[in-house]
Amino acid sequence: MLWACILLPQLALDGVLRTRSDADTPLALLTGTSQRRTLKVVNPAARALGLKPGQTLRAALALTNDFATAEYDLTEIDRSLQLLAAWAYGFSSQVSLRYPRCLLMEVGASLDLFGPWPRFEARLRQELDTLGFRHRITAASNPAAARALANSHERLAVTEDTSLRAALEALPVAHCGLSPDATTGLIRMGIKNLKHLLSMSRDSLARRFPAEVLVQLDTLLGHRALALDFYSPPDLFDARVELNFEVTSHQALLFPLHRLIGDLAIYLTARDSGVQQFDLILEHRDRSETRVPVGLLNAERDPDMLLEVTRGRLEHLQLPSPVLALRLVARDLPAFTPTARGLFDKRPQQSLSRDQLCERLRARLGDDAVQSVAALADHRPECSGLFQPIGQTGHDEQIAALPETGPRPAWLLPKPIPLNESSVRILSGPERIESGWWDGDDIRRDYYQIETRKGQVGWAYRDLRGDGRLYLHGWFS
Numbered sequence: 001m002l003w004a005c006i007l008l009p010q011l012a013l014d015g016v017l018r019t020r021s022d023a024d025t026p027l028a029l030l031t032g033t034s035q036r037r038t039l040k041v042v043n044p045a046a047r048a049l050g051l052k053p054g055q056t057l058r059a060a061l062a063l064t065n066d067f068a069t070a071e072y073d074l075t076e077i078d079r080s081l082q083l084l085a086a087w088a089y090g091f092s093s094q095v096s097l098r099y100p101r102c103l104l105m106e107v108g109a110s111l112d113l114f115g116p117w118p119r120f121e122a123r124l125r126q127e128l129d130t131l132g133f134r135h136r137i138t139a140a141s142n143p144a145a146a147r148a149l150a151n152s153h154e155r156l157a158v159t160e161d162t163s164l165r166a167a168l169e170a171l172p173v174a175h176c177g178l179s180p181d182a183t184t185g186l187i188r189m190g191i192k193n194l195k196h197l198l199s200m201s202r203d204s205l206a207r208r209f210p211a212e213v214l215v216q217l218d219t220l221l222g223h224r225a226l227a228l229d230f231y232s233p234p235d236l237f238d239a240r241v242e243l244n245f246e247v248t249s250h251q252a253l254l255f256p257l258h259r260l261i262g263d264l265a266i267y268l269t270a271r272d273s274g275v276q277q278f279d280l281i282l283e284h285r286d287r288s289e290t291r292v293p294v295g296l297l298n299a300e301r302d303p304d305m306l307l308e309v310t311r312g313r314l315e316h317l318q319l320p321s322p323v324l325a326l327r328l329v330a331r332d333l334p335a336f337t338p339t340a341r342g343l344f345d346k347r348p349q350q351s352l353s354r355d356q357l358c359e360r361l362r363a364r365l366g367d368d369a370v371q372s373v374a375a376l377a378d379h380r381p382e383c384s385g386l387f388q389p390i391g392q393t394g395h396d397e398q399i400a401a402l403p404e405t406g407p408r409p410a411w412l413l414p415k416p417i418p419l420n421e422s423s424v425r426i427l428s429g430p431e432r433i434e435s436g437w438w439d440g441d442d443i444r445r446d447y448y449q450i451e452t453r454k455g456q457v458g459w460a461y462r463d464l465r466g467d468g469r470l471y472l473h474g475w476f477s
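Going by the working numbering, the first residue of the sequence shown is number 1, and it counts up by one from there.
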């Protein structure tokens, strides 16, 4: 087995910065009581101004006020970790959150699919950079060793058990995962690295230190298995982005919306699911939240498509009040079936399927602007079809059994036009249509196929209850 450890040293800070378009602005995360606010984490731009963790907010403001602040929120940290676990689940079925700010994933079984470890590692790094999380990645034959090596190394992969001990022996005692008390006691004895510790007799260690020291040593060397709880994607996606100022325009909402949709796509890929309906919720200060429902014709998980559809729905909305936060909730997550394409399909990759094109048009023009034609079981030509919003199926009971008829024109005129019989030639007919007695709009007509002097083929009728003239009702293509 091969275990990868992805250490996230700036998880709290990255979780905030990735939701902001001004990631280079000096930023400090605050903690503590309202009477004594302290700086918990600062980004490099804030550190360049002289700010540092542990500093009080009052002292920081005495130096400069040219920095932004946000709350050091443990709940948001956990949400970021859950998102990353869902992302890792797309590469491995064994993903664990055993250690804080860290992902463990078994990658040995994934190498056949994603290529050798150097190529696989490069892909992991590229996707983590895109997600906006700084990281360190190491790999070893057991998860505890991979985690310990991540404390001191970057890009180290120990794929053979024979070389694992040599790599571990160089680790400082403080990086071996021991308790603070055990680490302090070992350092006071002059034991600085794991090689010195392993050279001591086990009986001596058992007498002087708690049993957890020997247990940790055996776990690092792979002699004892590490019990792990594996991650399983939840059945609900619920993500929230708090904005750092009150937003009054749709344009300013696009960056956090793009991040939310990207996170949703990661989650759907991990579950091998799609989404057909979700809600975008806008939170305000002085009024109830605004809910923007987003519905799709079919299950989708392409982030560009989901973003375009959601953006279209959002831009049709008049913001009732400044927005303080965005929240995206998706509960119905059906199975996703990719669009089937032929092996030698010559269409360009950027071409859209019918459903995707309809989704784009609905997003830009509105749901009612994109119509589909449905046939109804009625002999009367003007009652044999209707237009309805695409995706709507409100007349299934009438569509179930369509009558057998003769040829019908592709273009039916909205209002019949009187014809000069001397200018047309009858090709076939008559076909009598007598129907509609049950709703008071009954007809009694004889229909003919006709040809004009220009060679156009039409569909005309005589009203047996009227003046007997010939009326053009449609054109054949």
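C-beta: ideal position from N, C-alpha, C; glycine also.
Requested in this report: Compare the C-alpha of residue 511 against each of 390, 56 and 150 and name the closest.
Outcome: Outside the displayed range of the chain (1 to 477) lies residue 511, so it cannot be described from this structure.
Query - residue 454 to residue 303 span [Cα, whole Å] - result: 52 angstroms
Query raised in the report: Does residue 126 get closer than 8 angstroms to chain C when you measure Cβ to Cβ?
Result: The chain inventory of the structure shown lacks chain C, comprising one protein chain alone.
Query raised in the report: Do the CB positions of residue 57 and residue 39 come within less than 8 angstroms of each other?
Result: yes
Query - Under the three-state DSSP convention, the category residue 258 falls into - result: helix
Query - Distance between residue 386 and residue 400 (C-alpha atoms, nearest Å) - result: The predicted model places residue 400 with a pLDDT of 48, which falls under 50 and marks its position as unreliable; any figure quoted below should be read in that light. Between residue 400 and residue 386, the C-alpha separation is close to 15 angstroms.
Report task. Determine the extent of the beta strand (DSSP E) in which residue 279 is found, giving its start and end residues. Result -> 275 to 284
Requested in this report: Would you list, in sequence order, the uninterrupted beta strand (DSSP E) runs of no fewer than 3 residues that lie entirely inside the stretch 304 to 342?
Outcome: 323 to 332
Report task. Specify, as a first and last residue, the run of the beta strand (DSSP E) that residue 213 falls within. Result -> Careful: residue 213 lies outside any beta strand (DSSP E), inside the alpha helix (DSSP H) at 211 to 220.
Query raised in the report: Is the Cβ-Cβ distance between residue 70 and residue 16 less than 8 angstroms?
Result: yes
Query raised in the report: Looking at the structure shown, is residue 436 part of a helix, part of a strand, or coil, going by DSSP?
Result: coil
Query - DSSP state of residue 397 mapped onto helix, strand, coil - result: Note on residue 397: pLDDT 45, under 50, position unreliable in the model; the coordinate value appears next. Helix, per DSSP.
Query - Pair within 8 angstroms by beta-carbon distance, residue 433 and residue 445 - result: yes
Query raised in the report: Between which two residues does the beta strand (DSSP E) carrying residue 195 extend?
Result: Taken as a continuous stretch (DSSP letters only), residue 195 belongs to no beta strand (DSSP E), being part of the alpha helix (DSSP H) at 194 to 199.
Report task. Would you mind giving the Cβ-Cβ distance between residue 319 and residue 248, rounded to the nearest angstrom? I have them listed as a contact below 8 angstroms. Result -> 6 angstroms
Query - Nearest neighbour of residue 185, chosen from 310, 205 and 84 [CA to CA] - result: 205
Query raised in the report: Between the Cα of residue 30 and the Cα atoms of 73, 140 and 285, which residue gives the shortest distance?
Result: 73
Query - Span separating the alpha-carbon of residue 46 from that of residue 112 - result: 44 angstroms
Requested in this report: Say whether the stretch 325 to 336 touches the stretch 269 to 279, bearing in mind that this needs 3 or more beta-carbon pairs closer than 8 angstroms, one atom from each stretch.
Outcome: yes
Query - Exposed unless 16 or more other CB atoms sit within 10 angstroms - verdict on residue 396 - result: At residue 396, the pLDDT of 47 sits below 50, so the modelled position is not reliable; the number obtained from the coordinates is stated separately. Result: exposed.
Query raised in the report: Going by other Cβ atoms of all chains shown within 10 Å of its Cβ, with 16 needed for buried, is residue 449 buried or exposed?
Result: buried
Query - Ordered list of beta strand (DSSP E) runs contained in the stretch 60 to 139, each at least 3 residues - result: 68 to 71 and 102 to 106
Query raised in the report: Roughly how many whole angstroms lie between the Cα atoms of residue 22 and residue 79?
Result: 21 angstroms
**Report entry** Residues bridged to residue 241 [DSSP beta-bridge criterion]
**Finding:** 326
Query raised in the report: Can you give the beta carbon distance from residue 202 to residue 214, rounded, assuming they're within the 8 angstroms contact cut?
Result: 6 angstroms
Query raised in the report: Touch check for the stretch 89 to 97 and the stretch 224 to 231: three-plus C-beta pairs under 8 angstroms?
Result: yes
Requested in this report: Identify every residue that forms a DSSP beta bridge with residue 292.
Outcome: 280
Query raised in the report: Would residue 1 pass as a contact of residue 177 if the rule is Cβ separation under 8 angstroms?
Result: no
Query - For residue 385, the residue or residues it bridges with in DSSP - result: 375
Requested in this report: Report yes or no: do three or more beta-carbon pairs, one from the stretch 155 to 173 and one from the stretch 135 to 144, lie closer than 8 angstroms?
Outcome: yes
**Report entry** Three-state secondary structure assigned by DSSP to residue 463
**Finding:** strand
Requested in this report: Kindly confirm or deny that the stretch 306 to 313 and the stretch 237 to 248 touch, where touching means at least three C-beta pairs closer than 8 angstroms.
Outcome: no
Query raised in the report: Exposed or buried, which one is residue 438 when buried takes at least 16 other CB atoms within 10 Å?
Result: exposed
Requested in this report: Using only alpha-carbon positions, find the residue among 380, 470, 102 and 461 that is nearest to residue 440.
Outcome: 380
Query raised in the report: Quick one: what's got a C-beta closer than 6 angstroms to residue 197's C-beta in the same chain, skipping five residues either side?
Result: 191
Report task. Look up residue 450 in the DSSP assignment and say whether it is helix, strand or coil. Result -> strand
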